[in-house]
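Numbering of the sequence shown is given in the numbering used here, commencing with residue 5 and proceeding in unit increments.
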Amino acid sequence: MTTKLISGSEVARQIREELKGETARLKERGVVPGLVTILVGDDPGSVSYVTAKQKAAKEIGFHSVQENLPAAIGEAELLAMIDRYNRDPRIHGILVQLPLPKHINETKVLYAIDPNKDVDGFHPMNVGKMMIGEAAFLPCTPAGIQQLLIRSGVKIEGAEVVVVGRSNLVGKPIAAILMQKQPGANATVTLCHTGTRDMASHTRRADILIVAAGKPNAITPDMVKEGAVVIDVGVNRIGTTAEGKAKLCGDVDFAGVLNCCSLITPVPGGVGPMTITMLMENTVKAAKLAAGLE
Ligand code: GUN
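What follows is the structure in structure tokens.
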């Protein structure tokens, strides 16, 4: 049974080891990749993501800075902080954790980040480059999904890929990435969303089913083709464990779908660790670009 699991934790560990080596080599040339993570407020989900990102950055050997701003901070102050880091040569990557409090214009904040330091890949310049297959920084979750598929030996070229969910964070970019005429892509991609008629008729055709619907049990076994590869991007908080940690589940009926799929990512331990790892990879890339090494 466990042979069906795609361990994002294990693939992430391998990539982080590679990045550790690359960072050590960069340091010998006087380049220390620098990452700042900016957290506004104290949403528990955001706190836990940012903590994990900082931990990974330190383990790999980055110069890492954590900024914690109160939820009531003004938009102008946040923009001023971003401007400071845009001009700071020790910082190669700037990450503002989303979502932001309602009184701050998220679009304005994302536009303010120097596209060359946009390690999240959210700036419209980088989104546009991704669409034409010239991305410098791919958004981390979709990039992590592509890496998981490639490193698990899943054939993407020519595959029927069905994506459920059209968010700017996951659904739209993973569809754009996997349809590129490039190695590790070149798939036939269908994107389903809340306006889709007869969702199951689409999902049942998928060789690779990528689910980012934001809802537990959005995908049940009757919606999955025998032998499909299932990537569950959902992170739903469904209570707390005995140790007081958040209890998570994905968007897929895991126990049910396990019986018919060939491979599936668990939640937690699937896509999540890959998102953080791709942020680290983007930061190394940003440092190399800034140093003229790429
Ligand atoms: N919130 C949820 N996912 C992400 C992410 O990948 N990057 C940022 N900045 N915020 C997020």
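Think of the CB as a built atom: it goes at the ideal place given N, C-alpha and C, for glycine as much as any other residue.
- Not a single heavy atom of the ligand GUN lies less than 7 Å from the C-beta of Thr55.
- Per DSSP, reduced to three states, the secondary structure at Lys229 is coil, with no helix or strand assignment.
- Counted as a single uninterrupted DSSP element, the stretch harbouring Leu195 is not any alpha helix (DSSP H) but the beta strand (DSSP E) occupying residues Thr192 to Cys196.
- Of the residues assessed, Ala246 falls on the exposed side of the cut-off, its CB having fewer than 16 other CB atoms within 10 angstroms.
- In the DSSP annotation of this structure, the continuous segment of the alpha helix (DSSP H) that includes Gly12 starts and ends at Gly12 to Glu32.
- Residue pairing by DSSP places Asn240 opposite Cys253 in a beta bridge.
- Classified as buried, Glu26 has 16 or more neighbouring CB atoms from the shown chains inside 10 Å of its CB.
- Residue pairing of His67 in beta bridges, as defined by DSSP: Gly38.
- Straight through space, the alpha carbons of Thr244 and Pro225 are spaced by roughly 27 Å.
- As DSSP reads the structure, Asn72 sits in a beta bridge with Leu43.
- According to the DSSP assignment, Gly148 belongs to the alpha helix (DSSP H) that extends over Cys144 to Arg155.
- For Asp226, the distance from the CB to the nearest heavy atom of the ligand GUN is not below 7 Å.
- In the three-state scheme derived from DSSP, where H, G and I count as helix and E and B as strand, Val166 is classed as strand.
- In this structure, DSSP gives Val54 a helical state, which the three-state scheme calls helix.
- Contact check for Asn120 against Leu283 fails: the beta carbons are separated by 8 Å or more.
- Relative to the ligand GUN, even the nearest heavy atom lies 7 Å or more away from the CB of Val271.
- Not one heavy atom of the ligand GUN sits closer than 7 Å to the Cβ of Cys196.
- When only Cα atoms are considered, Arg33 and Val158 end up about 37 Å apart.
- In the three-state DSSP reduction, Leu83 falls in the helix class (H, G or I).
- Out of Val35, Ala232, Ala84 and Val51, the CA that lies nearest to the CA of Val167 is found in Ala232.
- Leu267 is bridged by DSSP to Val233.
- Contact check for Ala290 against Gly97 passes: the beta carbons are separated by less than 8 Å.
- Contact between Val131 and Gln101 fails: their C-beta atoms lie close to 18 Å from each other, not under 8 Å.
- Close CB contacts of Arg94 within its chain, under the 8 Å cut and outside five residues either way in sequence, are with Val36, Gly38 and His67 (chain order).
- Excluding its 5 nearest sequence neighbours in each direction, Lys219 has C-beta neighbours in its own chain below 8 Å: Gly238, Asn240 and Asp255, listed in chain order.
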